Amino acid sequence: MPEDLETIDAIILPGGESTTISMLLESSGTFEPLQELLSQGLPAFGTCAGMIMLSNKVLDGRTDQRSFDRIDISVRRNAFGRQIASFETDIDVIGLEEPFPAVFIRAPGVETAGPEVEVLATVKLDEQTEIPVLCRQNNVLVSSFHPELTGDLRLHQMFLSEL
Amino acid sequence: MAESNSGSNSQIGTVRVKRGLADMLRGGVIMDVVNPAEAKIAEDAGAVAVMALERVPADIRRDGGVARMSDPSMIEAIQETVTIPVMAKARIGHFAEAQVLESLGVDYVDESEVLTPADEAHHIDKWAFTVPFVCGATNLGEALRRISEGACLIRSKGEAGTGNIVEAVRHLRSILGDIRKLTQADAAELFDWAKRLQAPLGLVQEVAETGTLPVPMFCAGGIATPADASLVMQLGAQSVFVGSGIFKSEDPAPRAKAIVEATTHYRDPAMVAKVSRGLGDAMPGLEIGELDTKLSERGW
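Residue numbers (numbering that gives the first Met the number 0), protein chains in the order written: chain A, 0 to 162; chain B, 0 to 299.
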């Protein structure tokens, strides 16, 4: 709800269904005030659906689906396929010494990333294509996967350490 | 575990991946739909997933006969219509129906008592599948047996197709009440609990330690109004399945949206009141004592 935004220093937009999240943000009158805070530089970390919400373009989304346009990436929903293709894998992340356990669930994929975007990790979509799965632009961090489903807090620490 | 296409150490169908999707559906509403038009209404209303089936439980109850897995062409038409996850039902013990559903790429299989059971002694070995399963339960022992067979999501059964919330409340209170008691039991008592619940000791010990099921628990069977959704969420359900309650009501689209809002804002009575206004008639309800068949008694 809009009043919940009054005291926050940063926001994490977690996984879920981006269509539902987008609709409920609108119906509760939270979309506009959050958009305003984000455009004033509120730090944000979006995972999976949260990445979709922070991107500047949603491919394969619903026509009425809105996003906050806080990181210059275009994102394709369910880029890795349906649930039976959902997977987990250890990925190398720039800035972390050990690999990170990444859980991808009906995950979105980054199709294009603008020049301002730092790509911190990638995975192979197929033999030919390697796509970004962890990106940062200023104080906005996004991941295709779900660090919240593992006990590994390193990405959350990375996000918090830069506040 | 099979390898996905994403690298040498990459695995599909792991417990974390299967339970993870259920985690992502928490706080949402999963709606029964019988055709693409209803699926669209559900998605437009903010459903987090749809359950594709041939007839909603109220009609299965009315029509009688054997209720089976849906026609694959109907499931595919719904998959093409919506971007949210699509679930579908297989009969209890009917692993061949589950294999067909997996081959169609459904996102969750519901091994469901709403359909006519295919096996009177065995539920499906759900560990053998890449697709995750949801199963119904009326009490904690049943929930833990399903989890031991590989279910990654439990829904309290309620009594499907009745529009009567009383059984859902009974089942939720039974499961969550016993979990609360388990957390108070000492180590010796847990052996007795496992015996009485007819559940694996390891899972009983895990629940006693954590105070929660190892998988998410949603509520199904009898939800017909926004206040019903708020009730079961306050009792401890993490999401709601709504079957006949939406598309057997007078005006499905606004009711669907209202149940989504009430599930999200379940602790806010003013919000539940706001969305409950002017929804038209809810589905006609059935008195549990007058039922010929109790679907919740299927499965064991």
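For glycine and all other residues, C-beta sits at the position ideal for the given N, C-alpha and C.
Treat the numbers as computed from the prediction; the structure is a model and nothing was measured.
Opposite residue i in the DSSP bridges: which residues?
i, result
"Ser-155/B", "Ala-136/B and Cys-218/B"
"Ser-12/A", "Note that residue 12/A is Leu in the sequence shown here, rather than Ser. Note: Leu-12/A sits in a beta bridge opposite Gly-45/A."
"Tyr-107/B", "Met-86/B"
"Val-16/B", "Answer is none; Val-16/B lacks a bridge partner."
"Gln-136/A", "Val-139/A"
"Glu-112/B", "DSSP output for Glu-112/B lists no bridge partner at all."
"Thr-88/A", "Ala-101/A"
"Phe-240/B", "Ile-29/B"
"Glu-129/A", "Lys-123/A"
"Lys-56/A", "Ser-73/A"
"Val-118/A", "Cys-134/A"
Would you report the Cα separation of residue i and residue j, rounded to the nearest angstrom?
i, j, result
"Leu-12/A", "Glu-31/A", "15 Å"
"Val-85/B", "Pro-131/B", "12 Å"
"Ala-1/B", "Pro-131/A", "Confidence at Ala-1/B is low in this model, with a pLDDT of 45, below 50, so its placement is unreliable and no value can be given for it."
"Val-14/B", "Gly-279/B", "42 Å"
"Ile-77/B", "His-155/A", "37 Å"
"Ser-3/B", "Arg-75/A", "Unreliable positioning characterises Ser-3/B in this predicted model, as indicated by a pLDDT of 46, which lies under 50. A coordinate reading is not provided."
"Cys-134/A", "Phe-67/A", "16 Å"
"Ala-272/B", "Thr-224/B", "11 Å"
"Ser-38/A", "Ile-70/A", "11 Å"
"Ser-248/B", "Gly-284/B", "10 Å"
"Asp-91/A", "Ile-153/B", "35 Å"
"Arg-153/A", "Leu-53/A", "21 Å"
"Ser-295/B", "Ile-222/B", "15 Å"
"Leu-148/A", "Trp-126/B", "20 Å"
"Leu-140/A", "Asp-59/A", "22 Å"
"Glu-161/A", "Gln-136/A", "12 Å"
"Leu-41/A", "Ala-9/A", "6 Å"
When DSSP labels each residue in this structure, what does residue i get in the three-state scheme?
i, result
"Glu-5/A", "coil"
"Phe-144/A", "coil"
"Arg-153/A", "helix"
"Ala-198/B", "coil"
"Gly-108/A", "strand"
"Gln-10/B", "strand"
"Glu-161/A", "coil"
"Asp-177/B", "helix"
"Asp-118/B", "coil"
"Met-68/B", "coil"
"Met-50/B", "strand"
"Glu-101/B", "helix"
"Ile-91/B", "coil"
"Ala-1/B", "Here the model assigns Ala-1/B a pLDDT of 45, short of 50, so the residue's position is not dependable and the matter cannot be decided."
"Val-274/B", "helix"
"Val-259/B", "helix"
"Lys-247/B", "coil"
"Val-55/B", "coil"
"Glu-148/B", "coil"
"Arg-172/B", "helix"
"Thr-129/B", "coil"
"Thr-209/B", "helix"
Quick one: measure Cβ to Cβ for residue i and residue j, integer angstroms, because I've assumed they're closer than 8 Å.
i, j, result
"Ala-101/A", "Thr-88/A", "6 Å"
"Ile-11/B", "Phe-99/A", "Wrong, their Cβ atoms sit about 18 Å apart, outside the cutoff."
"Gly-26/B", "Thr-263/B", "6 Å"
"Ile-178/B", "Val-206/B", "6 Å"
"Val-300/B", "Ala-136/B", "With chain B represented from 0 up to 299, any question about residue 300/B goes unanswered, as that position is not in the structure."
"Glu-110/B", "Val-81/B", "22 Å between Cβ atoms; not a contact."
Is the region 170–190 of chain B touching the region 123–143 of chain B in the sense that three or more CB pairs, one from each, lie closer than 8 Å? yes
Any chance the region 195–207 of chain B sits against the region 246–259 of chain B, with 3 or more Cβ pairs inside 8 Å? no
Count the C-beta pairs between the region 107–121 of chain A and the region 20–27 of chain A that are closer than 8 Å, then say yes if the count reaches three, no if not. no
Any 3 or more C-beta pairs closer than 8 Å across the region 205–213 of chain B and the region 179–191 of chain B: yes
Cβ contact check for the region 39–49 of chain B and the region 59–73 of chain B: 3 or more pairs under 8 Å: no
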